[in-house]
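Visitor:
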Amino acid sequence: MINFDEEIEKFQPSLEIEQAEDVIYNNDLTDITDILKELLKGNKEN
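Numbering follows the working numbering, in which position 23 of the sequence shown is assigned residue number 4; successive positions increment by one, without gaps.
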């Protein structure tokens, strides 16, 4: 049988996943809140 505790101790995450995490968390994308803020800012100026 598989000893799950032993397998968990040996587990190491894939480097690709860690690299993907960094890209996702550090990516500065415009989202709907940024768009709405710009629209509201434009309306206040007019």
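No residue lacks a Cβ here, since even glycine has one placed at the ideal position from N, Cα and C. The structure displayed is predicted, hence computed values, not measured ones.
#1: Closest Cβ-Cβ distance between G23 and chain C: below 9 Å?
#2: For F(-15), name the three-state secondary structure that DSSP assigns.
#3: Starting from D15, trace the alpha helix (DSSP H) both ways and give me its first and last residue.
#4: I need the straight-line Cα distance from I5 to K18, nearest angstrom please.
#5: Please state whether DSSP places L(-4) in a helix, a strand or coil.
Guide: Reading it off the structure:
#1: The structure shown contains no chain C; it holds only a single protein chain.
#2: Assigned with DSSP and collapsed to three states, F(-15) falls in helix.
#3: Residues I13 to E26.
#4: Whole-angstrom Cα-Cα distance: 22 Å.
#5: Note: L(-4) maps to helix in three-state DSSP.
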